[in-house]
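Quick note on my numbering: the sequence shown kicks off at 259 and runs consecutively.
Beta carbons: idealized from backbone N, C-alpha and C, even for Gly.
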Amino acid sequence: MRALITGGAGFIGSHLAEELLKRGNKVCVIDDLSTGRLENVNHLRSNPDFSLVIETVLNETVMDRLVSECDEIYHLAAAVGVELIVKSPVATIERNILGTDVVLRLANRYLRKVLITSTSEIYGKSEAVPFKEDADRVLGPTTKSRWSYSSSKAIDEFLALAYFKEKNLESVIMRLFNTVGPRQTGRYGMVIPRFVQQALAGKPITVYGDGNQFRCFTFVDDVVGAAIKLMASPNALGQVVNIGNDRGITIKDLAEKIVSMTQSSSEIVFIPYDEAYEEGFEDMRVRKPDLSKAAKLIGYRPEIQLDEILRRVIEYFKDQKEE
Ligand code: UDP
Numbered sequence: 259m260r261a262l263i264t265g266g267a268g269f270i271g272s273h274l275a276e277e278l279l280k281r282g283n284k285v286c287v288i289d290d291l292s293t294g295r296l297e298n299v300n301h302l303r304s305n306p307d308f309s310l311v312i313e314t315v316l317n318e319t320v321m322d323r324l325v326s327e328c329d330e331i332y333h334l335a336a337a338v339g340v341e342l343i344v345k346s347p348v349a350t351i352e353r354n355i356l357g358t359d360v361v362l363r364l365a366n367r368y369l370r371k372v373l374i375t376s377t378s379e380i381y382g383k384s385e386a387v388p389f390k391e392d393a394d395r396v397l398g399p400t401t402k403s404r405w406s407y408s409s410s411k412a413i414d415e416f417l418a419l420a421y422f423k424e425k426n427l428e429s430v431i432m433r434l435f436n437t438v439g440p441r442q443t444g445r446y447g448m449v450i451p452r453f454v455q456q457a458l459a460g461k462p463i464t465v466y467g468d469g470n471q472f473r474c475f476t477f478v479d480d481v482v483g484a485a486i487k488l489m490a491s492p493n494a495l496g497q498v499v500n501i502g503n504d505r506g507i508t509i510k511d512l513a514e515k516i517v518s519m520t521q522s523s524s525e526i527v528f529i530p531y532d533e534a535y536e537e538g539f540e541d542m543r544v545r546k547p548d549l550s551k552a553a554k555l556i557g558y559r560p561e562i563q564l565d566e567i568l569r570r571v572i573e574y575f576k577d578q579k580e581e
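Rendered as structure tokens:
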């Protein structure tokens, strides 16, 4: 099988590329290195089954060739990270909606199977946890730019479902919940790399808001395994599927756990959301997936839990000198 991974030099994409190669596939990565990094895939470049194109998915001429040459497409290229999204709303909206439009149009032209990566941001500020795929979405006003991310990914989902329904395009949508692991950078706001780096440097751990917001962290290997199974599962076609971990923690407890695991001297400081992001910023209080659909369709259960995730991320940053 020859897989095309958009955003394949990113955190999740690079792990997916590695795993697909390990399983004997050919992998082509397209990445514009906006949030992806060459370091993530450098170790794969000597593999004859691996190829890398540094280009945006919005370049339709290049994408046309790449899609025509592959058997299946994992579409991961997107604007990611709440902080980045609040800072660059135009790029978020354009990259997410226009990028997915190109991918789906070309997948349809060459009849290629496609997996669209979506997000638990879709559920917005709903507190009806655990979130089921068909639950109502609860969003803030358009004047709060955070919600542009949720809305842009919702358009991606609508478009993929529309292609499936109207044109029988083989597509599946994977909604992710706080994926973490080695190679994730703290640069765009993600909390675990941030806290681990702060703790290792003895700097203050920056908890936003009151720290009682609740998140369920999913190890990247669990996500990669699920993506490959979803792509291979005929039952998953035309479906939206949550992939995550249903055990969670508050951000305040996460900060304490990381301080203790790194034996850090860092203090924990609380920063109001207005200061951390922008005035009037609205957070999601809880994110927790209902995983029964994923279990039924592909036998999914997350295998790696938080303590082990943190051990691996701490090891990773101890070996790095970045940022
Ligand atoms: N967060 C925090 N300090 C940081 C970065 C993030 O307290 O330095 C909080 C953030 O406000 C959110 C949670 O941690 O409530 C998870 O943030 P992340 O950006 O990792 O994921 P998301 O907001 O998309 O769930």
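### Message
So for F422, helix, strand or coil by DSSP?
### Response
helix
### Message
By the three-class DSSP mapping on this structure, what secondary structure does A261 have?
### Response
strand
### Query
Under a three-way DSSP split, which group does K461 fall into?
coil
### Message
Which residue marks the beginning of the beta strand (DSSP E) containing N366, and which one marks its end?
### Response
Counting along the chain, N366 falls outside any beta strand (DSSP E), though it belongs to the alpha helix (DSSP H) covering P347 to Y368.
### Task
Taking 7 Å as the cut-off, decide whether the C-beta atoms of L555 and N493 are in contact.
yes
### Residue environment, D577, which counts as buried when at least 16 other CB atoms sit within 10 Å
exposed
#### Entry: For M432, the first and last residue of its enclosing beta strand (DSSP E)
S429 to L434
### Task
Could you pull the start and end residues of the beta strand (DSSP E) that D289 belongs to?
K284 to D289
### Query
Between the C-alpha atoms of L488 and K402, what's the straight-line distance to the nearest angstrom?
33 Å
### Message
When you compare the CB positions of R404 and Q471, do they come within less than 7 Å of one another, or not?
### Response
no
### Query
Around the Cβ of S304, are there at least 16 other Cβ atoms within 10 angstroms (buried) or fewer (exposed)?
exposed
### Query
Would you report the Cα separation of N298 and D480, rounded to the nearest angstrom?
18 Å
### Where T520 sits in the DSSP three-state scheme
coil
### Rounded separation between L364 and G265 - CA only
16 Å
#### Entry: Candidates S518, G268 and A393, of which the one nearest G382 by Cα
A393
### Task
Answer yes or no: the CB of D532 versus the heavy atoms of ligand 1, is any distance below 6 Å?
no
### Query
At a cut-off of 6 Å, is T375 close to ligand 1 when judged by its beta-carbon and the heavy atoms of the ligand?
no
### Task
Compute the distance between the beta-carbons of V315 and A335, then report whether it is under 7 Å.
yes
### Task
Starting from V498, trace the beta strand (DSSP E) both ways and give me its first and last residue.
V498 to I501
### Where the alpha helix (DSSP H) through F575 begins and ends
L564 to K576
### Query
So what's E581 in DSSP terms, helix, strand or just coil?
Low local confidence applies: a pLDDT of 48 at E581 is under 50, so the model's placement there is unreliable, with the coordinate-based value given in what follows. Residue state, collapsed to three classes: coil.
### Task
Report the three-state DSSP secondary structure of G530 (helix, strand or coil).
In the sequence as presented, Gly is not what sits at residue 530; that position holds Pro. P530: coil per DSSP, three-state reduction.
### Query
In three-state terms, what does DSSP make of F308?
strand
### Task
Could you tell me the distance, in whole angstroms, from the CA atom of D532 to the CA atom of K345?
13 Å
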